[in-house]
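Residue numbers (UniProt numbering): 1 to 196.
These notes are about the structure you will find just below.
Now the structure itself:
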């Protein structure tokens, strides 16, 4: 892993790596492979990482959906604002801009990420972020991005991000609600910033 031997915490001695598939499906500590014509009955395949419908609002109402909801395999398109973090005090540059950094992932096999935009005015205007490295070589990979946005000094400021991929997927402002928040992919955001 990253040029070093696989460690026990990451699945040593063998781990399945499935590009474009959610990491929760990358089996650790592999000891056998079974080929079958149906989904595994393993607890984590049946009762975890499933995007339940909005009417499953608690454990009781979710119960009938576990067996008929497919396991999440594709990651949804997503971007995250990593810097600055929520509630941070940030200093503007001499040009009155704020540097924002984050990462983005494409939807499943629809990669690579082709663009990320950042907004500091609630989504009224957007600035194109710079994607580090060559995104075109990263069909299934996350990418790092950075952008400089103009922000007024003050409190309660917010920065948003949204991603685009080769498959035409665009990250939306809000993700469909589900009981456990699995696959959440509303706009990336850093909120409650204090800009000085």
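For every residue, glycine included, the Cβ atom is placed at its ideal position computed from N, Cα and C.
The model shown is predicted, which means the values in this text are computed figures rather than measured ones.
On the CB-based measure, 16 or more other CB atoms within 10 Å of its CB, does residue i come out buried or exposed?
{"i": "residue 114", "result": "buried"}
{"i": "residue 118", "result": "buried"}
{"i": "residue 157", "result": "buried"}
{"i": "residue 143", "result": "buried"}
{"i": "residue 112", "result": "buried"}
{"i": "residue 42", "result": "exposed"}
{"i": "residue 2", "result": "exposed"}
Among the residues of its own chain, which have a CB less than 8 Å from the CB of residue i, if the five just before and after it don't count?
{"i": "residue 24", "result": "44, 48, 49, 72"}
Could you name the residues of the same chain whose beta carbon sits closer than 6 Å to that of residue i, not counting the 5 residues immediately before and after it, in chain order?
{"i": "residue 194", "result": "89, 155"}
{"i": "residue 83", "result": "101"}
{"i": "residue 140", "result": "19, 20, 111"}
{"i": "residue 103", "result": "80, 142, 144"}
{"i": "residue 191", "result": "86, 158"}
{"i": "residue 169", "result": "77, 107, 110"}
Distance check for residue j and residue i, CA to CA, integer angstroms please.
{"i": "residue 105", "j": "residue 146", "result": "14 Å"}
{"i": "residue 33", "j": "residue 5", "result": "22 Å"}
{"i": "residue 9", "j": "residue 86", "result": "30 Å"}
{"i": "residue 201", "j": "residue 66", "result": "Past the boundaries of the shown model lies residue 201; the chain is included only from 1 to 196, so the question cannot be answered."}
{"i": "residue 29", "j": "residue 12", "result": "6 Å"}
{"i": "residue 60", "j": "residue 178", "result": "14 Å"}
{"i": "residue 74", "j": "residue 40", "result": "17 Å"}
{"i": "residue 70", "j": "residue 58", "result": "19 Å"}
{"i": "residue 129", "j": "residue 116", "result": "5 Å"}
{"i": "residue 46", "j": "residue 31", "result": "20 Å"}
{"i": "residue 76", "j": "residue 108", "result": "7 Å"}
{"i": "residue 148", "j": "residue 124", "result": "16 Å"}
{"i": "residue 175", "j": "residue 38", "result": "29 Å"}
{"i": "residue 153", "j": "residue 167", "result": "38 Å"}
{"i": "residue 56", "j": "residue 62", "result": "4 Å"}
{"i": "residue 120", "j": "residue 165", "result": "22 Å"}
{"i": "residue 94", "j": "residue 22", "result": "41 Å"}
{"i": "residue 54", "j": "residue 122", "result": "26 Å"}
Under 8 Å by Cβ, that's how I've got residue i and residue j pegged, so tell me the actual separation to the nearest angstrom.
{"i": "residue 81", "j": "residue 189", "result": "6 Å"}
{"i": "residue 26", "j": "residue 16", "result": "6 Å"}
{"i": "residue 51", "j": "residue 183", "result": "5 Å"}
May I ask you to list the residues that DSSP assigns as paired with residue i?
{"i": "residue 89", "result": "194"}
{"i": "residue 103", "result": "80, 144"}
{"i": "residue 160", "result": "119, 189"}
{"i": "residue 149", "result": "98"}
{"i": "residue 128", "result": "117"}
{"i": "residue 170", "result": "164"}
{"i": "residue 154", "result": "195"}
{"i": "residue 74", "result": "21"}
Are the C-beta of residue i and some C-beta of chain D separated by less than 8 Å?
{"i": "residue 3", "result": "Absent from the structure: chain D. Only one protein chain is present."}
Go through its chain and collect everything with a Cβ distance to residue i's Cβ below 7 Å, but skip five positions before and after it.
{"i": "residue 187", "result": "160, 161, 162, 171, 173"}
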